[in-house]
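In full-length UniProt numbering, the protein residues as written are 1 to 465.
So this is what it looks like as structure tokens:
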């Protein structure tokens, strides 16, 4: 039987010391029903992860499989479950083994957290487990965390799209739950198609993705981008003897740029304090990532210059400032990054998007005005040149030649050169193409929006929550 909302709340309070919201209890009820897939949309830090564990309270022998994009996030889930005395294991492509297969198939673990590479590995342990009738009879659901990664618009890693085979490699298919805080309509459509989620057996839980405790700021990069001088504010002119600056996290789309930025901020500190600023990316060892995450949580590290190797789903409650360096990524990526800010809802934080000046409407208008002036000047000059050429042509009309003149060759060369420059310019423009939703966020004030949250909430259809 399906438990009531009150029963779910009572059990959760007893085991996890948390009282589920109505939407969390409803998701639990649908999953326990066993005949519908779920898409769960809720803001970062709003408790999507709790919905993974709630069904376990009402299926004593049940197993939940969770797919996570980050190894460190998988390990964090296992640690959380350990505190609640729930047996769990994290399996990555590097750690899977026959020993793990035997332990899992013998139903030792209630929760199996896995990377997509491990889960979908050809001839791997999960391929064997999915064919095991006894094991699959215990699986309550397969949960795909940070499901926007599946979509070509959600972009993080291509391995996630391979999860489309999930339906077909299970001998006894179970419900699939896809969760995220950043699902646009295009991404939802893509997820449904890839995972074969049918409308007639799909439950969509859409909660608000807003984070009212985060102030959103957009700043133009005022100094040369490679100087990183605009990031100086993060240290608050810190001097020895002062309290550490508020914990911060700066996201970059480039590993070299993140390292250069960290080195700049470190140079602003006395030598013995420079180690309080670190960089964090996919090239780091798992041990380093774990240690640095702990140091950020306990305040030993003041700030990280990071890529998306640090991000999605990380539950650190006290990061008060998030910076997104540059506006070259999607709004989905930016909102995921901003979601790392003050996961503790009782705290307030700031999320800053630094953008290139060329993305601002006033700068575009200024540039367009200058271009118009240049065009008018060129046309005026062309008119004078044409008049001179006509006079010269009349004076030399009797001269006949089939060979092009040097001037004609020069003109032709200039045209070819200009075409090459134009093609290169178009190529560069395409490379720097701005996400239309990010464009709306950056220029919200110039376009009559009273709040920068409006274009964000509109992009994610937050009014439908």
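Every residue gets a Cβ at the ideal spot worked out from N, C-alpha and C, and that includes glycine.
Counting only runs that start and end within the region 267 to 355, where is the beta strand (DSSP E) found for 3 or more residues in a row? Unbroken beta strand (DSSP E) stretches of 3 residues or longer found wholly inside the region 267 to 355: 277 to 280, 303 to 306, 321 to 325 and 349 to 355, given in chain order.
Name the residue from 135, 81 and 121 whose alpha carbon lies nearest to the alpha carbon of residue 97. Residue 121 holds the alpha-carbon nearest to the alpha-carbon of residue 97 among 135, 81 and 121.
Bridge-paired residues (DSSP) for residue 202: BP columns for residue 202 point to 37.
Between residue 169 and residue 127, how many whole angstroms is the CB-CB distance? I'm expecting something under 8 Å. Rounded, the Cβ-Cβ distance is 6 Å, consistent with contact.
With a threshold of 6 Å on Cβ separation, who are the neighbours of residue 335 within its own chain once the five nearest residues in sequence on each side are excluded? Same-chain partners within the cutoff: 182.
Start and end residues, alpha helix (DSSP H) containing residue 136: Start and end: 133 to 136.
DSSP has residue 220 in a bridge; who is on the other side? Residue pairing by DSSP places residue 220 opposite 355 in a beta bridge.
Residue of 43, 297, 325 and 330 minimising C-alpha distance to residue 217: Here the closest residue by C-alpha is 325.
Among 178, 174, 462 and 172, which has the Cα closest to the Cα of residue 160? It is 178 whose Cα lies nearest to the Cα of residue 160.
Taking the alpha-carbon positions, what's the residue 105 to residue 298 distance? Those two C-alpha atoms are separated by around 38 Å.
Leaving aside the five residues before and after residue 479 along the sequence, list all residues of the same chain whose C-beta is less than 6 Å from its C-beta, in chain order. The requested residue 479 does not occur in the structure, where the chain is confined to residues 1 to 465.
Do you know how far the Cα of residue 224 is from the Cα of residue 235? It is roughly 19 Å from the alpha-carbon of residue 235 to the alpha-carbon of residue 224.
What are the boundary residues of the beta strand (DSSP E) that residue 64 is part of? Looking at the DSSP string, the run of the beta strand (DSSP E) that includes residue 64 is 63 to 67.
Can you tell which of 123, 90 and 248 has the C-alpha that lies nearest to the C-alpha of residue 303? Of the listed residues, the one whose Cα sits closest to residue 303 is 248.
Between residue 1 and residue 453, what straight-line distance do the alpha-carbon atoms span, to the nearest angstrom? Our two residues, residue 1 and residue 453, have alpha carbons roughly 42 Å apart in a direct line.
Contact under 7 Å by Cβ, residue 208 with residue 26: It is not a contact, given that the beta carbons lie outside the stated cut-off.
If the criterion is Cβ atoms closer than 7 Å, does the pair residue 351 and residue 214 meet it? A contact, by the Cβ cut-off of 7 Å.
Would you check if there are 3 or more beta carbon pairs closer than 8 Å linking the region 30 to 43 to the region 195 to 210? The region 30 to 43 vs the region 195 to 210: in contact.
Beta carbon of residue 354 nearer than 7 Å to that of residue 266: No.
Can you give me the C-alpha to C-alpha distance between residue 380 and residue 366, rounded to a whole angstrom? Cα to Cα, the separation comes out at about 21 Å.
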